[in-house]
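Visitor: Those sequence lines, one after another, are chains P and H.
For the first sequence, position 165 (counting from the first letter as 1) is numbered 332 according to this note's numbering, and the numbering increases by one without interruption.
For the second sequence, position 272 (counting from the first letter as 1) is numbered 286 according to this note's numbering, and the numbering increases by one without interruption.
Before I ask anything, let me first share the structure, which is written out below as structure tokens.
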Amino acid sequence: MSDDPVPFDFSRKLTALQRSLYAYILTLLPNRADAEDVLQETNLILCRKANEYDPGGHFQGWAFQIARYQVMAHITKTKRSRLHFSTEVIESFAEEEFDSKKVALSQKALQICYELLPVHMKKIAQLRFREDSNLKDIAAKVGRPLGSVSATLHRIRINLTDCVRRKLPIVEAENEL
Amino acid sequence: MILLKKNEDFGKKIDFRANTPWTPTYPMNATNDFLKEVESLTVRVLDDIHTPADLDRLSHLLLASSQARSRYAELMIQDSMLHWETSEVLEFEQPVQEAISFPFPPLLASIAAAVVAVFGVWFLKNDASDLDLEKGQVTSNTTPSAFSPTVSETSGDPKRPRLETADPKAIEDTALAVLEVDGKSPFTRSAEARNEARRGIRILDEKKRFADGGLVQFHGDVVGWSREEHLSVPAEQGILPLEGDDMIKLSRMSIDVPGQSAESSETLRVLDLRDVTRKEDGPGLRLSTSVYFNQGVGLAHGSTEFSLTVHAISSSEGADRSIGHKQSSINSDLNPATWEELASDFEIPEGTDYLLVALNARKEGSQALLPDFGGHYADQLRLNLILRENESLPL
């Protein structure tokens, strides 16, 4: 790694992009552990290349391109042991979906929607998303069959996306005030 | 502020796909079924219960339709936010909800606040010693002062120090390892600054790459937890950053009325030197520091004593102990247009695992008791690790 310090402005842009970058990587590589590894590798490479970055350029596009290369490299490394999307599928995703501003607004809407979840759903959501428990452990903890937990998690996700869609215009309006 | 009525969203079917920025309208049942299949397969992938056939089918659907890709990406973005390391989605910025309308909210709020305050005081007076501190606590060798909201004394079991602060954040941080620091600087007196230091040590110890409130940085063999960005502000109070668009703003000063002084402290950096000291065993390592300070024009006209403190921390058996420290100080002038530089050098003792770098501001005398409107700022913090053979590593 280069010993040159990462410029402050670069660090700030990179920090601001983390959520979108992680979401993008997770979309291409839908396994959280793998996505976190690739995010770390991508960040390291971005920091190494900080001095090559043109401040007038499109930071997200540049960072996402490097992330995509890292995802491809990761898939090549692990293709025998894991299930992955093909290169064709990976290339089909447009980075516009992951615009940082849109992701930030969605997160605000999600905070609101999460609070609106019924108690029994919130408990399962906490176990899955916050404590990172797998379905089997959740089923044991809440004393419900695995299939029922799986179905509830499905409903939680769909309810949340529905709610986020409805709240986004409100959050956008609030943000513009 | 966003006001909502609770329970308005769940438990009923709504045509969510109408005119949203995420997806276009889907008038046909076939399209809905198609997207439902995408949802179902995506959720199976997210819960890691998918088969190779599921992934093949999902790939086929994603390649076939931009709507499918959009829906898949939407679910993935949502899951990434729900799983984000610091769990901001679940923990912070809880929305204000307008579930029940009270006739006299200010009155009820005042009563509720008073009840909470009374119970809070009662709890801290009576039960602080009963809190489970087995996991760790803040300790300091300095004399307790008004800057520590409750006295750090022992009661009952003499081996069991009491919680030093009533700050809820500090209570939460008892899960962190013990941090013992020497000296009489604002840093050692500030529970918040020491808690930040402890948190930084934990982040580095757990090899986290991201955490709320700072940035993990890599400089060769040194990994650092940096809070500069978190504390940065643009030009304000008539103070322009020395360079660039931002400068560091120190937190508002805490006032010690009997001692006629006011001070604040911020942990700026935590540096993990373990990989360096493993290679460079023996004396000779130094940390060279440089930083500029400035103060805004406020009610208090006296100068401010700014200081930079460095603590060398040795980590063992669940406790982090300071094995050496240095405080360098400078008095600011009263001109907000000029910045004062403070440079110093710190010999890093053998056995150092972490370095803590904190910036402090202190006022003394009657001026210290005036409200701190002016603000205290720092900029261009430069740290250089001087390795043997005069090799330097900018941090």
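Cβ atoms here follow ideal geometry from the backbone N, Cα and C, with glycine treated the same way.
Measure the beta-carbon distance from Ser187/P to Gln227/P and round it to whole angstroms, keeping in mind my assumption that it falls under 8 Å.
Guide: As a working note, residue 187/P is residue 20 in the first sequence. As a working note, residue 227/P is residue 60 in the first sequence. Confirmed, Cβ separation roughly 7 Å.
Visitor: Report back the beta-carbon spacing between Ala375/H and Thr318/H to the nearest angstrom; my notes put them in contact at under 8 Å.
Guide: On the second sequence, residue 375/H is found 361 positions in, with the first residue counted as 1. On the second sequence, residue 318/H is found 304 positions in, with the first residue counted as 1. With a Cβ gap of about 5 Å, Ala375/H and Thr318/H count as contacting.
Visitor: Tell me, please, whether the CB atom of Asn210/P is closer than 8 Å to any CB atom in chain H?
Guide: By 1-based counting over the first sequence, the position of residue 210/P is 43. Interface residue, yes.
Visitor: Skipping 5 residues on each side, what residues in its chain have a beta carbon closer than 7 Å to that of Pro255/H?
Guide: Mapped onto the second sequence, residue 255/H falls at position 241. Hits under 7 Å: Ala249, Met261 and Asp393.
Visitor: If the cut is a Cβ gap below 7 Å, which residues of chain P does Leu229/H touch?
Guide: Your numbering for residue 229/H matches position 215 in the second sequence. By Cβ distance, chain P contributes Ser178 and Thr182.
Visitor: Helix, strand or coil for Val271/H, going by three-state DSSP, please let me know.
Guide: Taking the second sequence and counting its residues from 1, the one referred to as residue 271/H is at position 257. Coil at Val271/H, not helix or strand.
Visitor: Which residues in the same chain have their Cβ closer than 7 Å to the Cβ of Ala207/H, if we skip the five residues on either side of it in sequence?
Guide: Translated into the one-based positions of the second sequence, residue 207/H becomes position 193. Here the set comprises Phe201, Ser279, Glu280, Thr281 and Ala372.
Visitor: What residue range is occupied by the uninterrupted alpha helix (DSSP H) comprising His321/P?
Guide: Counting from 1 along the first sequence, the entry for residue 321/P is found at position 154. It spans Leu313 to Glu343 - the alpha helix (DSSP H) in which His321/P sits, taken as one unbroken run.
Visitor: Mark Asn218/P as exposed unless 16 or more other C-beta atoms lie within 10 angstroms of its C-beta, in which case mark it buried.
Guide: Here residue 218/P refers to the residue found at position 51 when the first sequence is read from its first residue. When all chains shown are included, Asn218/P counts as exposed.
Visitor: Does any residue of chain P bring its CB to less than 8 Å from the CB of Ala87/H?
Guide: Within the second sequence, residue 87/H is the residue found at index 73, counting from 1. True, the Cβ-Cβ gap to chain P drops below 8 Å.
Visitor: Indicate whether Ser267/P and Leu327/P have their beta-carbon atoms separated by less than 8 Å.
Guide: Here residue 267/P corresponds to residue number 100 of the first sequence, with the count starting at 1. Here residue 327/P corresponds to residue number 160 of the first sequence, with the count starting at 1. It is not a contact, given that the beta carbons lie outside the stated cut-off.
Visitor: Can you grab the Cα-Cα spacing for the pair Gln151/H / Ile233/P, in whole Å?
Guide: Taking the second sequence and counting its residues from 1, the one referred to as residue 151/H is at position 137. Taking the first sequence and counting its residues from 1, the one referred to as residue 233/P is at position 66. For Gln151/H, the predicted structure reports a pLDDT of 35, less than 50, and the residue's modelled location is therefore unreliable. A value from the coordinates is still provided. Each residue's alpha carbon lies about 42 Å from the other.
Visitor: Just to confirm before moving on: does the CB-CB distance between Tyr191/P and Phe231/P stay below 8 Å?
Guide: The sequence position of residue 191/P within the first sequence is 24, counting from 1. The sequence position of residue 231/P within the first sequence is 64, counting from 1. For Tyr191/P and Phe231/P, yes; Cβs fall inside 8 Å.
Visitor: Counting contacts by CB-CB distance shorter than 8 Å, is Glu262/P in contact with chain H?
Guide: Within the first sequence, numbered from 1, the residue matching residue 262/P stands at position 95. Cβ-Cβ to chain H under 8 Å: no for Glu262/P.
Visitor: So, for Tyr86/H: in the same chain, excluding its five sequence neighbours on each side, which residues have a beta-carbon less than 7 Å away from its beta-carbon?
Guide: For this step, residue 86/H is matched to residue 72 along the second sequence. Hits under 7 Å: Val52, Thr56 and Leu76.
Visitor: Name the chain H residues whose beta carbon is nearer than 7 Å to that of Thr328/P?
Guide: Indexing the first sequence from 1 puts residue 328/P at position 161. Correct list: Glu88, Leu89 and Gln92.
Visitor: Determine the chain H residues that contact Ser259/P at a beta-carbon separation under 9 Å, and present them in chain order.
Guide: The residue you call residue 259/P lines up with position 92 of the first sequence. Near Ser259/P (Cβ distances below 9 Å), the residues of chain H are Leu76, Leu77, Ser80 and Arg83.
Visitor: How about Arg297/P and Ile305/P: do their beta carbons lie closer than 8 Å?
Guide: Here residue 297/P refers to the residue found at position 130 of the first sequence. Here residue 305/P refers to the residue found at position 138 of the first sequence. Cβ distance not < 8 Å, so Arg297/P and Ile305/P don't count as in contact.
Visitor: Does any CB atom of chain H fall closer than 8 Å to the CB of Phe231/P?
Guide: For the purposes of this step, residue 231/P is taken as residue 64 along the first sequence, with counting starting at 1. No - not a single Cβ of chain H is within 8 Å of the one on Phe231/P.
Visitor: With 16 as the cutoff for other CB atoms within 10 Å, does Asn209/H come out buried or exposed?
Guide: In the second sequence, the residue the question calls residue 209/H occupies position 195. Buried, by the Cβ-count rule.
Visitor: If you follow the alpha helix (DSSP H) that Trp185/P is in, where does it begin and where does it stop?
Guide: Your numbering for residue 185/P matches position 18 in the first sequence. At residue 185/P the sequence reads Gln, which differs from the Trp that was named. Counting along the chain, the alpha helix (DSSP H) containing Gln185/P begins and ends at Phe175 to Leu195.
Visitor: Could you pull the start and end residues of the alpha helix (DSSP H) that Glu354/H belongs to?
Guide: Against the second sequence, residue 354/H aligns to sequence position 340. From DSSP, Glu354/H is part of no alpha helix (DSSP H) but of the beta strand (DSSP E) over Glu354 to Glu361.
Visitor: Ser73/H CB to nearest chain P CB: under 8 Å?
Guide: Position 59 of the second sequence, counted from the first residue, corresponds to residue 73/H. Output row for Ser73/H: interface = yes.
Visitor: Give the interface partners of Arg95/H over in chain P, defined as CB-CB distance under 8 Å, in chain order.
Guide: Within the second sequence, residue 95/H is the residue found at index 81, counting from 1. A small fix is needed here, since residue 95/H is Met in this sequence, not Arg. By Cβ distance, chain P contributes Arg186, Ala190, Val270, Ser273, Gln274 and Leu277.
Visitor: For Gln207/P, go through chain H and note every residue whose CB falls closer than 7 Å to its CB, in chain order.
Guide: One-based indexing of the first sequence puts residue 207/P at position 40. What Gln207/P touches in chain H: Arg223.
Visitor: Over the uninterrupted beta strand (DSSP E) stretch that includes Phe307/H, give me the two end residues.
Guide: In the second sequence, residue 307/H corresponds to position 293, counting from 1. Unbroken beta strand (DSSP E) run through Phe307/H: Arg300 to Gln309.
Visitor: Per the DSSP calculation, Tyr220/P is bridged to which residue(s)?
Guide: Here residue 220/P refers to the residue found at position 53 of the first sequence. Answer by DSSP bridge pairing: none, since Tyr220/P is not bridged.
Visitor: Quick one: grab the DSSP three-state call for Glu242/H.
Guide: If you number the second sequence from 1, residue 242/H lands on position 228. The answer is coil: DSSP assigns Glu242/H none of H, G, I, E or B.
Visitor: Sort out for me which residues DSSP pairs Thr323/H with in a bridge.
Guide: Looking up residue 323/H in the second sequence gives position 309. In the DSSP output, where bridge partners are listed per residue, Thr323/H has Gln341/H and Ala372/H.
Visitor: Mind listing the chain P neighbours of Val57/H? Cutoff is C-beta to C-beta under 9 Å, in chain order.
Guide: Along the second sequence, one-based indexing puts residue 57/H at 43. Per Cβ cutoff of 9 Å: Ser317, Leu320, His321, Arg324 and Ile325.
Visitor: What number of angstroms, rounded off, separates the C-alpha of Phe260/P from the C-alpha of Leu196/P?
Guide: Residue 260/P sits at position 93 when you count from the first residue of the first sequence. Residue 196/P sits at position 29 when you count from the first residue of the first sequence. Distance between the alpha carbons of Phe260/P and Leu196/P: 12 Å.
Visitor: Closest Cβ-Cβ distance between Ile337/H and chain P: below 8 Å?
Guide: By one-based count along the second sequence, residue 337/H stands at place 323. Chain P contact via Cβ: absent.
Visitor: Within 8 Å (strictly less), CB to CB, does Tyr40/H reach chain P?
Guide: Translated into the one-based positions of the second sequence, residue 40/H becomes position 26. Low confidence applies here, because Tyr40/H scores a pLDDT of 45, under 50, leaving its location unreliable; read the following figure in that light. Not one chain P Cβ lies under 8 Å of Tyr40/H.
Visitor: Between Ala240/P and Gly223/P, what straight-line distance do the alpha-carbon atoms span, to the nearest angstrom?
Guide: Stepping through the first sequence from its first residue, residue 240/P is reached at position 73. Stepping through the first sequence from its first residue, residue 223/P is reached at position 56. Cα to Cα, Ala240/P sits roughly 28 Å from Gly223/P.
Visitor: From the beta carbon of Glu255/P, is the nearest beta carbon of chain H less than 8 Å away?
Guide: Position 88 of the first sequence holds residue 255/P. It does; some Cβ of chain H falls within 8 Å.
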